[in-house]
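Peer 1: One structure coming up, written as structure tokens, with questions to follow.
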Amino acid sequence: MGRPHIEFIQSSEVESDVWQISGIAAKAQARTLSRDPGNGAATELVNFPAGWSAPTGYFSTDIEVFVLDGHLQIGSYRLKQHSYAYIPAGVCSGPWEAQKVTNALWMPSASPQFIAASEHAPGNRLERYIPSIDSSALPWAGTITPGFPPGAMRKTLRTDPDTGASTWLLGVLPQWRDYRAEIHPVIEEAYVVLGGLTSLCGTMTQGCYFWRPAHIPHGPYASATGALVFFRSDGSLRTDYILPE
């Protein structure tokens, strides 16, 4: 069925509700930014209270986590601000703990269940496990789109070797601008971590989010202040440009 087109929302205006995963007793609060009504895949902004915890175990679905502020302890790994993790279904991780209030993007590939365990589940994809990436320590690299305007760079967090689905950070300088609109053959979603990005739809400031199905024209974009934006796509990203008339 897929998620509906969202262009765009301010996450602080989304209603917060109780968040709990089957198999984990501890509760938190979350704002659901988008959800697939068919399989339960979602992007949620979760507010973990100080003291939230979960035992060691594995999830029934793939999980992506990007910490916005605070930190999550996952076993021996500490996800601090702007850190990222990818936990494939069946891969054992934990125990989990938020020692202080922590906000994070939580992105399950379907409605998750948690199974307390000390060993990985059969059929796990441990070789794809990304326990922790501190994005602030990653070097910036050039964007992968030919002809992308100067003043923007990319930090790749994950690329699926089978589908090309990708998770990355885009950084743009103040006064960056592109005069062209864009079209992609894949789904694209984004959350503004810092700064702002302006299009014909308005200015996306910190905390703004979009979910855009494939083949929908968007842009052109500009940034007066500069921006740091968290992106995901469900396949290899290609950009076709629409020149201004």
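For any residue, its number in the working numbering is found by taking its place in the sequence shown, counting from 1, and adding 5. All C-beta atoms, glycine included, are put in the ideal place defined by N, C-alpha and C.
Just curious, the beta strand (DSSP E) that Val106 is in, first and last residue?
Peer 2: No beta strand (DSSP E) holds Val106; DSSP gives it neither H nor E.
Peer 1: Which residue's Cα is closest to the Cα of Gly207: Gly7, Pro9, Gln15 and His10?
Peer 2: Gln15
Peer 1: Count the CB pairs spanning the stretch 118–136 and the stretch 101–110 that are closer than 8 Å, and state whether there are at least three.
Peer 2: In short, these stretches do not touch, since the Cβ pair count stays below three.
Peer 1: In whole angstroms, what separates the C-alpha of Phe235 from that of Ile138?
Peer 2: 14 Å
Peer 1: Buried or exposed: which applies to Glu124, given that a residue is buried once 16 or more other Cβ atoms fall within 10 Å of its Cβ?
Peer 2: Flag for Glu124 reads exposed.
Peer 1: Buried or exposed for His189, please, with buried defined as at least 16 other CB atoms from any protein chain shown within 10 angstroms of its CB.
Peer 2: buried
Peer 1: For the beta strand (DSSP E) containing Val96, name the first residue and the last one.
Peer 2: Run containing Val96: none; DSSP gives neither H nor E here.
Peer 1: List the DSSP bridge partners of Tyr226.
Peer 2: Looking at the DSSP assignment, Tyr226 forms no beta bridge with any residue, so it has no partner.
Peer 1: Quick one: residues in its chain with C-beta nearer than 8 Å to the C-beta of His220, no 5 flanking neighbours on either side, listed in chain order?
Peer 2: Here the set comprises Ile188, His189 and Pro190.
Peer 1: Of the choices Leu110, Ala94, Arg243 and Leu202, whose alpha-carbon is the least far from that of Pro151?
Peer 2: Arg243
Peer 1: Helix, strand or coil for Glu49 per DSSP?
Peer 2: strand
Peer 1: Among Arg217, Val177, Trp181 and Pro218, whose alpha-carbon lies nearest the alpha-carbon of Val198?
Peer 2: Val177
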